[in-house]
Amino acid sequence: MWHLLKHPLLVAVIGGLVGSLSTWITFKNTPPVATIIPENVEVGAAESVTFDAKKSHDPDGSIVSTGWLVSGHDPKEATSIAACTPGATGYQLICRFVAPGTHSVGFSVTDNDDTTANTSTRVTVNVPGGYIGVVLQFGSNADTTALEKAFNYGVDWTEVQALLGGRLIVLRNADTGQPVLANAYQRSIEKAREYAENARQPQGLRILASLPQRAADKVASDLQEIGVSAHFVRLPAGEIMPSLHAGLANSSFVTLESPQQLTEYYE
1 MWHLLKHPLL VAVIGGLVGS LSTWITFKNT PPVATIIPEN VEVGAAESVT
51 FDAKKSHDPD GSIVSTGWLV SGHDPKEATS IAACTPGATG YQLICRFVAP
101 GTHSVGFSVT DNDDTTANTS TRVTVNVPGG YIGVVLQFGS NADTTALEKA
151 FNYGVDWTEV QALLGGRLIV LRNADTGQPV LANAYQRSIE KAREYAENAR
201 QPQGLRILAS LPQRAADKVA SDLQEIGVSA HFVRLPAGEI MPSLHAGLAN
251 SSFVTLESPQ QLTEYYE
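At position 60 of the sequence shown the residue is numbered 60 (UniProt numbering), and the sequence of numbers has no breaks.
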């Protein structure tokens, strides 16, 4: 961008006359520079990573605004990709990624001349510990769809996920029957309580999942808050499917052979 700056110039004129005039001098704007550290990073699921953009600057002016994007989304939005917290100054972003695969983190700066610079980095998320599937067994008179939705929305899955050392919880989308990452559901106590009330029999829910005790306690506590009582049935992974086929009535479960089978879900 070019700028026109008006400067008075003193001019000596032939004949001894001295006067002044104004003229326009043109200066070219130098665009701002956007940077992110680390440039490319590989992390485990639920591992925290801090992105720093403090070295971004404007050579001939000042930065007036900054912005972050995580795989095209505002980091303040709820997605199943990551849970992020922007820093107070706008030059830092702290994220915990839970969706496997490669994602992008973008940063932009705009200077006082309304010129914008952008940069981005790649984040590869691995799931070394694999997935944890959840099987629900309902009471015989329960509205299974309503109770399953109460379960999905009634738990703070981001907090539970942080207790699992990188393993991801996979739930079932009650509407489609497809597998979905648990933290695709943002906790809503109001919504979960409404589903629980519509379930007719929100008590006696049985959960088949191999969760550490702290994570299981968190799930049970969150469910109790929305009026659902549940207890865990601990079966080795190899016994779950035979038990289902042997007659666990009114059960909700999905099979998952690869991460590509996972679907994002937003309501």
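Note that the Cβ used here is the ideal one computed from N, Cα and C, for glycine as well.
Query - Backbone secondary structure at GLN203 - three-state DSSP - result: coil
Query raised in the report: What's the gap between the Cα of GLY90 and the Cα of GLU47?
Result: 21 Å
Query - Exposure of ALA162, with buried meaning 16 or more beta-carbon neighbours within 10 Å - result: buried
Query - Rounded Cβ spacing between ILE169 and VAL135 (contact assumed at less than 8 Å) - result: The Cβ separation is near 12 Å, so there is no contact.
Report task. Using three-state DSSP, classify GLN191 as helix, strand or coil. Result -> The residue asked about is misnamed: residue 191 is Lys in this sequence, not Gln. Three-state DSSP puts LYS191 in a helix.
Query raised in the report: Under a three-way DSSP split, which group does ALA230 fall into?
Result: strand
Query raised in the report: Would you say the stretch 83 to 99 touches the stretch 52 to 66, given that touching needs at least three Cβ pairs under 8 Å?
Result: yes
**Report entry** DSSP bridge partner residues for GLY44 (one or two, in chain order)
**Finding:** ASN126
Query - N- and C-terminal bounds of the alpha helix (DSSP H) containing SER65 - result: No alpha helix (DSSP H) contains SER65, which is instead part of the beta strand (DSSP E) from 63 to 70.
Query raised in the report: Which residue comes first and which comes last in the beta strand (DSSP E) that contains THR102?
Result: 101 to 111
Requested in this report: Counting only the same chain and skipping the five closest in sequence on each side, list residues whose C-beta sits under 7 Å from that of ILE240.
Outcome: Bear in mind that a pLDDT of 47 at ILE240, under 50, signals an unreliable position, so the model cannot answer this.
Query raised in the report: Quick one: what does DSSP say LYS28 is sitting in, helix, strand or coil?
Result: strand
Requested in this report: Tell me, please, which residues DSSP counts as bridged to GLY133.
Outcome: VAL170
Report task. Determine the contact status of TYR185 and TYR153, defining contact as a CB-CB distance below 7 Å. Result -> yes
Query raised in the report: Is DSSP giving GLN161 helix, strand or coil here?
Result: helix
Query raised in the report: Rounded to whole angstroms, how far is the Cβ of HIS103 from the Cβ of VAL127, which I believe are closer than 8 Å?
Result: Rounded, the Cβ-Cβ distance is 13 Å, inconsistent with contact.
Report task. Within its chain, find whatever has a CB closer than 6 Å to the CB of GLU190; leave out the 5 residues flanking it on each side and keep chain order. Result -> none
Requested in this report: Following the continuous alpha helix (DSSP H) through GLN224, name the residue where it begins and the one where it ends.
Outcome: 213 to 225
Query raised in the report: Can you give the beta carbon distance from ALA45 to GLY166, rounded, assuming they're within the 8 Å contact cut?
Result: 5 Å
**Report entry** Close beta carbons around ARG187, own chain, < 6 Å, minus the five adjacent residues each side
**Finding:** ASP156
Query - Whether PHE138 touches THR144 by CB criterion (7 Å) - result: yes
Query - Three-state secondary structure (DSSP) of PHE138 - result: coil
Query raised in the report: Below 7 Å between beta carbons: does that hold for residue 278 and VAL125?
Result: Nothing can be reported for residue 278, as the shown portion of the chain is limited to 1 through 267.
Report task. Measuring alpha carbon to alpha carbon, tell me which of PRO59, LEU171 and PRO32 ends up nearest THR116. Result -> PRO32
Query raised in the report: Are ALA146 and ASN183 close, meaning C-beta to C-beta below 7 Å?
Result: no
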